Amino acid sequence: MVRVRRGARVVSAVLAAVLGASLAGCSSTGGKRAEDERAAKAAGGRAAVDTPRWTFAMVTHSGAGDSFWDIVQNGAKQAAAKDNIKFVYANDEEAARQSQLVQSYIDAKVDGLIVTLAKPDAMKDVVAKAEKAGIPVITVNSGSAESKAFGALSHIGQDETVAGEAVGEELNRRGRKKALCVLHEQGNVGHEQRCDGAKKSFKGELQKLYVEGTNMPDVQSSIESKLQADGAIDSVVTLGAPFAPTAVKAKEQAGSKAEIDTFDLNAQVAAGLQDGSLGFAVDQQPYLQGYQAVDLLWLYKYNSDVLGGGKPVLTGPQVITKKDAAALQEYTKRGTR
């Protein structure tokens, strides 16, 4: 019996040694060790891959100084560093000039394009030109309905109608009866979809207010006048994080008790949620939009991978309230939420 047990121990020891050597060999050539090495390179700002140094360009409809697009760029730059990509960015809120910027990158023969379709009619022809030139295109943020028809590989963002419906449902939960939806960029189809989606699911009355988003004093005075004229308005929904603090000021000046809610998130919004000056925010995770757009273009160039199957790759909506704000403040301050 002793010999058998001793033999079993010897066999077990041999098997363990062989298995250990085998696992060590696997670890030394790939597996977790390789993943750890790639992660360390990416964390150090170095490329985690040895694919060619491709150039990807992003062209958006952003106006000057919009912090939302800073967050999108932060995500894109992080993915670009990891994927050995040269990332370039341009923007213009005027649709014709945005189209011209896209054309300039086509002429420069970039390896991939990321574009927004806030005003899709103005972008349709130039996206077709990119496809004809063999440049893969991914759309982000706006234009989910047109993306596939225009020939883009994928669309990354939130479905604006679904996001609007989430707002209407949240207003219902809060017992609101009359809401004001503030549109700061006329002609932006995504903004219209947000307000229309909210109106669809909201059981109360929702009105639209068009303002000039590049003129914050005008935004404030317009909201203030509306609140003074209609004391029944109990909720104001802005369509971008920079407009939420302005709406708070308008409410205070008007002596209104309306709750201020908003689409999108930044450090000010997170602080407003925490101190109670804002009710809730709908986050579409702009960092993720930029990061995934670059990463998916790299995957397509490297491995012909495409996500979505013709459907949008959704990054939102996520309804954020006071209970979530503290945990998110750290991320908003570093520019990733």
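Using the working numbering, the final residue of the sequence shown is 337, and nothing's skipped along the way. Backbone N, C-alpha and C define an ideal beta-carbon position, used for all residues, glycine too. Quantities reported herein were computed from a predicted structural model and do not represent experimental measurements.
The DSSP-derived three-state label of A293 is helix. For S235, the enclosing beta strand (DSSP E) covers residues S235 to T238. Here Q103 is near V126, since their CB atoms are less than 7 Å apart. Here F202 really is in contact with L171; their C-beta atoms are around 5 Å apart, less than 8 Å.
For F87, the enclosing beta strand (DSSP E) begins and ends at K86 to N91. V115 is the residue among D92, Q78, R46 and V115 whose C-alpha sits nearest the C-alpha of A57. Here A247 carries a helix assignment [DSSP, helix/strand/coil]. Between D196 and I85, the alpha-carbon positions lie close to 38 Å from each other. Within the same chain, and ignoring the five residues on either side of V306 in sequence, the residues whose Cβ sits closer than 7 Å to its Cβ are L153, S154 and Y300. Note that the C-beta distance between A270 and L328 is below 7 Å. Counting only the Cα atoms, V72 lies some 14 Å from A64.
Burial of Q220 is indicated by the presence of at least 16 other C-beta atoms within 10 angstroms of its C-beta. One thing to note: L227 has its Cβ within 7 Å of the Cβ of S256. The beta carbons of T315 and Q284 sit about 6 Å from each other, so the pair counts as a contact at 8 Å.
Taken atom to atom, the span from the alpha-carbon of R176 to that of L206 is near 10 Å.
Buried is the label assigned to D159, since at least 16 other Cβ atoms lie within 10 Å of its Cβ. Burial is judged here by how many other beta carbons sit within 10 angstroms of a residue's own beta carbon; Y302 has fewer than 16 and is exposed. Within its own chain, the residues whose Cβ lies closer than 7 Å to the Cβ of K148, once the five positions on either side in sequence are excluded, are G310, listed in chain order. In the DSSP assignment, A326 falls within the unbroken alpha helix (DSSP H) covering K322 to K333. The C-alpha of L239 lies about 24 Å from the C-alpha of S99. With 16 or more other Cβ atoms from the protein chains shown falling within 10 Å of its own Cβ, Y287 counts as buried. In this structure, P317 lies near A166, with their beta-carbon atoms less than 7 Å apart. In this structure, the alpha-carbon of G204 lies about 27 Å from that of A145. Between F68 and the set A95, P217, Q268 and P136, the nearest pair of CA atoms involves Q268. Taken through DSSP and simplified to helix, strand or coil, I135 comes out as coil. Apart from the 5 residues on each side of it in sequence, L209 sits with its Cβ closer than 6 Å to the Cβ of L180, V182 and K226 in its chain, given in chain order. Its Cα nearest to that of A163, the residue I320 stands out among E330, I320 and Y331. Looking at the backbone, the Cα of A326 and that of L273 are separated by about 9 Å. With respect to the 7 Å criterion, D230 and A258 are not classified as neighbours on the basis of their beta carbons. The DSSP assignment places complete alpha helix (DSSP H) segments of no fewer than 4 residues inside the stretch 104-156 at 120-132 and 144-147, in order along the chain. Of the residues M123, A108, T60 and G112, the one whose Cα lies closest to the Cα of D92 is T60.
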